[in-house]
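When you line the sequence shown up against full-length UniProt numbering, it's residues 1 to 520, in that order.
Scroll down for the structure; my scribbles are underneath it.
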Amino acid sequence: KKRYLYVALPITILLCCLDTNMSISNPPSMPELQLRMSKKIAQLTKVIFHLNNKNEDHDLDVQNLAEQYEAEIEQILKDTADKLNFFKNQLDAVNDEKRVAEITKRLEAKYEDERKRCLQELESVKKRALEKEQAIQRTAMKQIDELRLQVEELQRNLQSRVKEISSLLDGAASTDVAHAEALRLARQETESTIQEHNRRYNAMLAERMKIEDDLLDKVSGLERQIAEQKEAAAKAAAAMEEQKLSWAEERGMLFERIKSTESNWKEKVESLVEELQKEKTSARERERLAASHASQLDMDLKETKRRLEDAETTIKNLRSDLSGLREGSEKASSSLSSSLEAARQEKLDLEKQMRDTQMAAAEEIKRLKDTQSRTEAALQESERKLKEALAALDLSNADGSKKELELNDQVKQLKIRIQQLEATLANVESSGKNESQARVEMERRLADQATAHARALEQAKATAAAVLDAEKKTSAARFASLEASLRKELNELKAKTDREKADLEKAAAAAAAAAVAAAG
Numbered sequence: 001k002k003r004y005l006y007v008a009l010p011i012t013i014l015l016c017c018l019d020t021n022m023s024i025s026n027p028p029s030m031p032e033l034q035l036r037m038s039k040k041i042a043q044l045t046k047v048i049f050h051l052n053n054k055n056e057d058h059d060l061d062v063q064n065l066a067e068q069y070e071a072e073i074e075q076i077l078k079d080t081a082d083k084l085n086f087f088k089n090q091l092d093a094v095n096d097e098k099r100v101a102e103i104t105k106r107l108e109a110k111y112e113d114e115r116k117r118c119l120q121e122l123e124s125v126k127k128r129a130l131e132k133e134q135a136i137q138r139t140a141m142k143q144i145d146e147l148r149l150q151v152e153e154l155q156r157n158l159q160s161r162v163k164e165i166s167s168l169l170d171g172a173a174s175t176d177v178a179h180a181e182a183l184r185l186a187r188q189e190t191e192s193t194i195q196e197h198n199r200r201y202n203a204m205l206a207e208r209m210k211i212e213d214d215l216l217d218k219v220s221g222l223e224r225q226i227a228e229q230k231e232a233a234a235k236a237a238a239a240m241e242e243q244k245l246s247w248a249e250e251r252g253m254l255f256e257r258i259k260s261t262e263s264n265w266k267e268k269v270e271s272l273v274e275e276l277q278k279e280k281t282s283a284r285e286r287e288r289l290a291a292s293h294a295s296q297l298d299m300d301l302k303e304t305k306r307r308l309e310d311a312e313t314t315i316k317n318l319r320s321d322l323s324g325l326r327e328g329s330e331k332a333s334s335s336l337s338s339s340l341e342a343a344r345q346e347k348l349d350l351e352k353q354m355r356d357t358q359m360a361a362a363e364e365i366k367r368l369k370d371t372q373s374r375t376e377a378a379l380q381e382s383e384r385k386l387k388e389a390l391a392a393l394d395l396s397n398a399d400g401s402k403k404e405l406e407l408n409d410q411v412k413q414l415k416i417r418i419q420q421l422e423a424t425l426a427n428v429e430s431s432g433k434n435e436s437q438a439r440v441e442m443e444r445r446l447a448d449q450a451t452a453h454a455r456a457l458e459q460a461k462a463t464a465a466a467v468l469d470a471e472k473k474t475s476a477a478r479f480a481s482l483e484a485s486l487r488k489e490l491n492e493l494k495a496k497t498d499r500e501k502a503d504l505e506k507a508a509a510a511a512a513a514a515a516v517a518a519a520g
């Protein structure tokens, strides 16, 4: 429409110029000018309308012509494809000759292989039959030789027995009835032996004849089989010859058909070439007319190809994205399955850990109970030791008292000794005055001994009292220390038990929460 407007504008300008020239030569009035302008505008409107209608009609004609050309091109392509298919079928029919020749060669090779195989099998059957017959003959000859040797041995034995009997008869001419009976028995034994050997010989002969008959039957059977195989091979050869003849006839018929088909093809090809030349001439004309449309179609085709390539690129990208998503989903699925498996395993581990924790808690509680029982036993033992220490202290006090009593006894004994010494001294004084110095010395010694014993007694008493006090203090300190250590250990055990109990409760709660989370 813009193109036709560009055409209409110069016409309008030209009309305006003409009107201007006319107005310059003879200037009209305003109404007349308006009337002229309205007429010119109406004329221009008609021209533009006519041009627009003509443009639309031309576009419709071009589109219809392009559709007709496209339909004709499609029909030409279809006819060409049909003709090419027909030519291809005819060419395949020509190639059937080669296929028939190849089939014939294959069948001939197969027939030759089968014939060779039959001949080889026939030769092998003959060879096996000959070997079997020779083996049977060797076996029969061996048995005959053995029988002959046995017969010769029997004949030699018989001759020796006859000689013995003759000698016995010669020597027994003048013997009695016993010799006659022995001779009769010998003759009877000889006859029975001869009959037995004759029977065995006849049986061997009958067996040999039977074996020979069996061999003859087998040989005749093998000969019949060989004859049947020869007959079958001859029939197969005859059938193959007939088939070869039929194939030759069919091949000749195919050659005739191929020749006639070739002549028909030549005529048809010539006519088709003429038709193609005519169609080419008309097609050139149609191509020349449809060049603009073809260029537009080419541009559209290129644009379509470009869009198709863009679409293919987009599809490839989408496929790659899809494969990436699939791989990601597969990885996510595998990771999810592995996570699920890990969660299940973790659940099992937590359950096992909870069971182990429960078992450990039970064992720890048992151990704490054992520790508590041991602590109580140790406390009881400490109390027992304390009681023993107190008893030992009491015993020490008793020992001190006992020692004091012993010292008192010793003092008494010393006093008695002193009295005895004094009595002895009195006796000595009565003995004479010469012993006065000895008495004085003795009294001095006794006094010294008494003083020493008294000091020793006092020292022993002081030592016993100090030892008793020290033992009391030591026992009290030991008891206090032991009581403090036991109380401290008991408090530590209670605190440790409370801590472990709290830890076990926390672990059990965590394991239960993990098990619930894993199950969820």
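A virtual CB, placed ideally from N, CA and C, is assigned to each residue, including glycine.
**OP:** Alpha carbon to alpha carbon, how far is M141 from Q134? Give it in angstroms, no decimals.
**Re:** To locate residue 134, count along the sequence shown from 1; it is residue 134. To locate residue 141, count along the sequence shown from 1; it is residue 141. Their backbone Cα atoms lie some 10 Å apart in a straight line.
Original post:
Is it the case that the CB of E256 approaches a heavy atom of the ligand NAP more closely than 8 Å?
Top reply: The ligand NAP is not among the ligands present in this structure, which contains no ligands whatsoever.
Original post:
Between the beta-carbon of M204 and the beta-carbon of I136, is there less than 9 Å?
Top reply: Reading the sequence shown from its first residue, position 204 is the one you call residue 204. Reading the sequence shown from its first residue, position 136 is the one you call residue 136. Their beta carbons are not under 9 Å apart, which means M204 does not touch I136 by this criterion.
Original post:
Taking C-alpha atoms, which residue in E74, L348, I103 and K126 lies nearest to Q225?
Top reply: In the sequence shown, counting from the first residue as 1, residue 225 sits at position 225. Ranking E74, L348, I103 and K126 by Cα distance to Q225 puts K126 first.
**OP:** Would you mind working out which of D214, K39, K496 and C118 sits nearest E231, comparing C-alpha positions?
**Re:** Taking the sequence shown and counting its residues from 1, the one referred to as residue 231 is at position 231. Taking the Cα of E231 as reference, the smallest distance to any Cα among D214, K39, K496 and C118 is reached at C118.
Original post:
Which residue spans inside the region 41-107 form an unbroken alpha helix (DSSP H) run of at least 4?
Top reply: DSSP runs (the alpha helix (DSSP H)) wholly in the region 41-107: none.
Original post:
If you draw a straight line from the C-alpha of A227 to the C-alpha of M209, how long is it?
Top reply: Translated into the one-based positions of the sequence shown, residue 227 becomes position 227. Translated into the one-based positions of the sequence shown, residue 209 becomes position 209. Taken atom to atom, the span from the alpha-carbon of A227 to that of M209 is near 26 Å.
Subject >> Pair within 9 Å by beta-carbon distance, T139 and I211 >> reply: Position 139 of the sequence shown, counted from the first residue, corresponds to residue 139. Position 211 of the sequence shown, counted from the first residue, corresponds to residue 211. Yes. Within cutoff.
Subject >> Proximity below 9 Å, CB of R200 to CB of Q155 >> reply: Here residue 200 is taken as the residue at index 200 of the sequence shown, counted from 1. Here residue 155 is taken as the residue at index 155 of the sequence shown, counted from 1. Contact annotation: R200 and Q155 have beta-carbon atoms that are not nearer than 9 Å.
Original post:
Smallest Cα separation from E191: which of A502, A109, D82 and N157?
Top reply: One-based indexing of the sequence shown puts residue 191 at position 191. Closest by alpha carbon: N157.
Subject >> K218 and K132 closer than 9 Å at C-beta >> reply: Along the sequence shown, read from residue 1 onward, the residue named residue 218 stands at position 218. Along the sequence shown, read from residue 1 onward, the residue named residue 132 stands at position 132. If you check the CB distance, K218 and K132 come in under 9 Å.
Subject >> 3 or more residues per run - each beta strand (DSSP E) lying fully within the region 132-165 >> reply: The qualifying runs do not exist here; there are none.
Subject >> Between the CA atoms of Q43 and T80 - distance to the nearest angstrom >> reply: Residue numbering aside, residue 80 sits at position 80 when the sequence shown is read from its first letter. Residue numbering aside, residue 43 sits at position 43 when the sequence shown is read from its first letter. Between T80 and Q43, the C-alpha separation is close to 54 Å.
**OP:** Going by CA-CA distance only, name the one from Q459, K366 and D349 that's closest to A510.
**Re:** Residue 510 sits at position 510 when you count from the first residue of the sequence shown. Of the candidates Q459, K366 and D349, the residue whose Cα lies closest to the Cα of A510 is D349.
**OP:** State the Cα-Cα distance for the pair V47 and A66, rounded to the nearest angstrom.
**Re:** Walking along the sequence shown from the start, residue 47 turns up at place 47. Walking along the sequence shown from the start, residue 66 turns up at place 66. Answer to the nearest angstrom: the Cα atoms are 28 Å apart.
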